[in-house]
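A.B. asks: Residue numbers for the sequence shown follow the numbering used here, beginning at 224 and rising by one.
Here's a structure for you.
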Amino acid sequence: MAWLVMIASLILVTWIVSLFTILILSFFPFTNHRAAPLRKRNNVLLVIAHPDDESMFFTPTINFLTSRRHNVQVLCLSIGDADGKGNIRKKELFQACVALKVPMQQVKIVNHPDLQDGFGKVWNHSLLANIIEEQITSHCINMIITFDNYGVSGHCNHRDVHYGVRQLLYDTLQKDIDVWELVSTNILRKYSGPIDIWLTMIWAMLHSSGTIQYFVNEHPRRSYRAMAQHASQWVWFRKLFVTLSSYTYVNTLRKIQH
Ligand SMILES: [Zn+2]
Numbered sequence: 224m225a226w227l228v229m230i231a232s233l234i235l236v237t238w239i240v241s242l243f244t245i246l247i248l249s250f251f252p253f254t255n256h257r258a259a260p261l262r263k264r265n266n267v268l269l270v271i272a273h274p275d276d277e278s279m280f281f282t283p284t285i286n287f288l289t290s291r292r293h294n295v296q297v298l299c300l301s302i303g304d305a306d307g308k309g310n311i312r313k314k315e316l317f318q319a320c321v322a323l324k325v326p327m328q329q330v331k332i333v334n335h336p337d338l339q340d341g342f343g344k345v346w347n348h349s350l351l352a353n354i355i356e357e358q359i360t361s362h363c364i365n366m367i368i369t370f371d372n373y374g375v376s377g378h379c380n381h382r383d384v385h386y387g388v389r390q391l392l393y394d395t396l397q398k399d400i401d402v403w404e405l406v407s408t409n410i411l412r413k414y415s416g417p418i419d420i421w422l423t424m425i426w427a428m429l430h431s432s433g434t435i436q437y438f439v440n441e442h443p444r445r446s447y448r449a450m451a452q453h454a455s456q457w458v459w460f461r462k463l464f465v466t467l468s469s470y471t472y473v474n475t476l477r478k479i480q481h
């Protein structure tokens, strides 16, 4: 029993120290200096599958970009209608983006009959590529950020979004666009909250070629406010997820070579 209490105490202390480290880092934005290659890319397209993906997974990245006056466009490829709440969730996404300092007019939500939210719903990669390409053209996009091939949670819609972006790269050879994917971590890291900052920093140090970037969340309260805008989804287990998830505190992006 004593060793169990010791381990729990150790985790608690590490958690608190990590959280303080992130708060300190968030006061010194220059600590994200490794992100220099991203600074040259001003028109950024964040491609997600469902309303709330931006707040659950990408807020450290969004906060970094909006704080530096990047023009962030959000493309959400479904209205999240799996439970019949699509119209409510659309409005919630607009509100969450405003909380994240992304103006409503920079948010596009697609409601296509072949791109409906749900496990087992297969999304056509060429269709996704066409929709993403339209956004790129109309907003002069020079950087895309999206899920990696596991999509953080393994949701098939997240994974299809990744392959849609891949399809676009394959079809059109968009050499002048940088594409970055959000790195999915194992379950221990995923639920290690702020503690993951240490592993993230070590991992990024081992990849000094500029293909890995990490962002510490500079505005954690803003992230929490954004998630709370998704009132239809803001149930106890999502509150727990947002608190425990390392994606609330830090994002690691990997450049897709193409
Ligand atoms: Zn999702």
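For glycine and all other residues, C-beta sits at the position ideal for the given N, C-alpha and C.
The model shown is predicted, which means the values in this text are computed figures rather than measured ones.
1) I believe Asn440 touches Val473 by the beta-carbon criterion, under 8 Å. Please report the beta-carbon distance rounded to the nearest angstrom.
2) Rounded to the nearest angstrom, what separates Met224 and Arg444 at their Cα positions?
3) What do you get for Leu463, buried or exposed, if any count of 16 or more other CB atoms within 10 angstroms of its CB means buried?
4) When DSSP labels each residue in this structure, what does Met279 get in the three-state scheme?
5) Strictly closer than 5 Å from CB to any heavy atom of ligand 1: give me those residues in the order they appear in the chain.
6) Please report the straight-line C-alpha distance between Gly377 and Phe243, rounded to a whole angstrom.
7) How would you call Ala322, buried or exposed, if buried means at least 16 neighbouring beta carbons within 10 angstroms?
8) Which complete alpha helix (DSSP H) runs does the stretch 403-460 hold, if anything under 4 residues is left out?
9) Evaluate Val345 with the Cβ neighbour count: other Cβ atoms within 10 Å of its Cβ, from every protein chain shown; 16 or more gives buried, anything less gives exposed.
10) Which value, in whole angstroms, describes the spacing of the CA atoms of Thr289 and Ser232?
11) Secondary structure at Arg477, three-state DSSP: helix, strand or coil?
12) Given that a residue counts as buried once 16 or more other Cβ atoms are within 10 Å of its Cβ, and exposed if not, what is Gln188?
13) Suppose the cutoff is 6 Å on Cβ atoms and the five residues either side in sequence are ignored; what does the same chain contact list for Gln318 look like?
14) Strictly by DSSP, which residues pair up with Asn266?
15) With distances taken between CB atoms, is the gap from Asp340 to Gly374 smaller than 8 Å?
16) Quick one: what's got a C-beta closer than 8 Å to Arg382's C-beta in the same chain, skipping five residues either side?
17) Please determine, among Asp276, Ala272, Asn265 and Thr284, the residue with the shortest C-alpha to C-alpha distance to Cys293.
18) Drop a sphere of 10 angstroms on the beta-carbon of Leu235, count the other beta-carbons inside from all chains shown, and report buried for 16 or more, exposed for fewer.
19) If I'm right that Ala272 touches Leu246 with Cβ under 8 Å, what's the distance once you round it to whole angstroms?
20) Please name the residue in Ile285, Thr284, Met327 and Pro336 whose C-alpha comes closest to that of Gly309.
21) Which first and last residues belong to the beta strand (DSSP E) in which Met208 is found?
22) Per DSSP, what are the beta-bridge partners of Lys331 in this structure?
23) Quick one: give me the first and last residue of the alpha helix (DSSP H) that Cys320 is part of.
24) Just reading off the alpha helix (DSSP H) that Met224 is part of, what are its end residues?
25) Residues in the same chain with beta-carbon distance under 6 Å from Asn353, minus the five sequence neighbours each way, listed in chain order, please.
26) Give the DSSP-derived three-state secondary structure of Ile271 in the structure shown.
C.D. replies: The answer reads as follows:
1) 7 Å
2) 36 Å
3) exposed
4) helix
5) Ala272, His273 and Asp276
6) 30 Å
7) buried
8) 410-413, 419-429 and 443-451
9) exposed
10) 37 Å
11) strand
12) The requested residue 188 is not part of the displayed model; the chain covers only 224 to 481.
13) Gln452
14) Asn294
15) no
16) Phe370, Asn372, Tyr373 and Gly374
17) Note on identity: in this sequence residue 293 is His, with Cys being the wrong assignment. The residue with the shortest Cα to Cα distance from His293 is Asn265.
18) exposed
19) In fact, because the Cβ distance is near 31 Å, the residues do not count as touching under 8 Å.
20) Pro336
21) The chain is shown from 224 up to 481; residue 208 falls before or after that span and cannot be answered.
22) Leu298
23) Gly309 to Ala322
24) Where Met224 is concerned, there is no enclosing alpha helix (DSSP H), given that its DSSP letter is neither H nor E.
25) none
26) strand
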